[in-house]
Amino acid sequence: MMNLQFATPAPLHWTPSSRRPSPKPERDGRLASLQEVKTLLQYVGQVHDLNDMRQFQRRRLKAGQHALHMGQPFDGLYVVRVGALKTSMTQVDGGEHVLAFPMKGNLLGFDGMYKKQYLTEVVALTDCDLIKLPANELFAHGWSCNELERMAYSAISREVVQEQMAYALSHSAKSEARVARFLMIQSQRFAEMGYSPRRFTLPMTRRDIGNHLNVTLETVSRAFSSLDHLGVISVDRREIEILSMEALHAFES
Numbered sequence: 003m004m005n006l007q008f009a010t011p012a013p014l015h016w017t018p019s020s021r022r023p024s025p026k027p028e029r030d031g032r033l034a035s036l037q038e039v040k041t042l043l044q045y046v047g048q049v050h051d052l053n054d055m056r057q058f059q060r061r062r063l064k065a066g067q068h069a070l071h072m073g074q075p076f077d078g079l080y081v082v083r084v085g086a087l088k089t090s091m092t093q094v095d096g097g098e099h100v101l102a103f104p105m106k107g108n109l110l111g112f113d114g115m116y117k118k119q120y121l122t123e124v125v126a127l128t129d130c131d132l133i134k135l136p137a138n139e140l141f142a143h144g145w146s147c148n149e150l151e152r153m154a155y156s157a158i159s160r161e162v163v164q165e166q167m168a169y170a171l172s173h174s175a176k177s178e179a180r181v182a183r184f185l186m187i188q189s190q191r192f193a194e195m196g197y198s199p200r201r202f203t204l205p206m207t208r209r210d211i212g213n214h215l216n217v218t219l220e221t222v223s224r225a226f227s228s229l230d231h232l233g234v235i236s237v238d239r240r241e242i243e244i245l246s247m248e249a250l251h252a253f254e255s
């Protein structure tokens with residue numbers, strides 16, 4: 003395997019974003035059922051009454067539009083129904099650290115439960131469709147709300163595990179291994195959504211990937227070029243084709 007030398011950005015320090023708020027997400031007249039929420043969250047526990055007529059508001063966002071702002075009052079959780087987003091925090095120097103790239107089935111906003119305000123910026127990378135789980139319903143009394151609460155906590159647990167894995171990935175020894183592992187994770191995620199694990203379009207930019215892996219934009223570009231040159235992947239802008247899963251897996255170590 004090629005031994006590439008990559009630069010690493012400065013340590014991270016957080017500060018609230020000073021960017022202007024983007025337009026509010028557009029309310030969708032269509033509603034989502036409890037059954038759809040359960041399916042999206044991949045909840046495997048027992049739900050006593052999926053015939054519950056509870057309906058949840060859907061919200062649409064255009065690419066580049068914010069779903070949540072750091073410091074915004076907590077008003078509920080959001081399930082990604084369609085599309086891709088990024089969650090991030092702003093560093094003292096104005097740089098961005100990307101925490102995650104939520105896609106279909108991911109849960110947004112659980113960081114706001116503790117201090118009753120959201121702690122991250124969440125922006126749409128593509129046109130998105132979200133389902134809102136209102137705070138007053140999540141924490142109200144009654145068996146049906148408890149069902150929803152169990153679904154939410156199960157999903158939060160999964161999100162925490164994924165964030166821990168992302169943190170470990172951004173601090174692994176070799177930058178090249180981080181990029182290879184990132185592509186493997188994206189492959190797995192597309193497969194879980196029912197798409198090809200070998201050919202997919204990345205919704206995020208190279209800069210977003212670098213800000214997620216704690217490496218520079220140039221590092222990501224060189225790693226992609228190296229993997230392409232070695233015949234491990236084929237790259238055409240954001241279009242990725244994994245030519246050898248085995249070889250890509252070998253680059254992770």
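Per this note's numbering, residue 3 is the first one in the sequence shown, and the count goes up by one each step. Where a beta carbon is used, it is the ideal one built from N, C-alpha and C, also for glycine.
Since residue i is in the beta strand (DSSP E), which residue starts that stretch and which ends it?
i: Phe192; result: Here Phe192 belongs to no beta strand (DSSP E); instead the alpha helix (DSSP H) covers Ser177 to Glu194.
i: Gln59; result: Gln57 to Leu63
i: Phe223; result: Checking the sequence shown, residue 223 turns out to be Ser, not Phe. Counting along the chain, Ser223 falls outside any beta strand (DSSP E), though it belongs to the alpha helix (DSSP H) covering Leu219 to His231.
i: Phe2; result: It is not possible to answer for residue 2, since the shown part of the chain is limited to 3 through 255.
i: Glu98; result: Glu98 to Ala102
i: His68; result: His68 to Leu70
Tell me the DSSP secondary structure of residue i in three-state form.
i: Leu121; result: coil
i: Met91; result: strand
i: Gln37; result: helix
i: Gly78; result: strand
i: Val163; result: helix
i: Ala170; result: helix
i: Leu42; result: helix
Would residue i and residue j qualify as a contact pair, given that the criterion is a beta-carbon distance under 9 Å?
i: Ile133; j: Phe58; result: yes
i: Met186; j: His251; result: yes
i: Asn213; j: Arg180; result: no
i: Leu79; j: Leu127; result: no
i: Val237; j: Ala182; result: no
i: Leu42; j: Val82; result: yes
Could you give the first and the last residue of the continuous alpha helix (DSSP H) run that contains residue i?
i: Glu243; result: Note, Glu243: premise wrong, no alpha helix (DSSP H); beta strand (DSSP E) at Glu241 to Ile244.
i: Leu215; result: Arg208 to Leu215
Relative to the alpha-carbon of residue i, which residue among the options has its alpha-carbon at the smallest distance?
i: Thr75; options: Leu245, Asp129 and Asp113; result: A quick correction: the sequence has Pro, not Thr, at residue 75. Pro75 has its Cα closest to that of Asp113, out of Leu245, Asp129 and Asp113.
i: Tyr120; options: Lys176, Gln166, Met105 and Met91; result: Met91
i: Ala86; options: Gly66, Arg56 and Glu165; result: Gly66
i: Leu36; options: Ala154, Ala225, Arg160 and Leu219; result: Ala154
i: Met247; options: Arg240, Leu229, Asn138 and Leu204; result: Leu229
Tell me residue i's beta-bridge partners as DSSP assigns them.
i: Ile158; result: Paired residue(s): none; Ile158 is not in a bridge.
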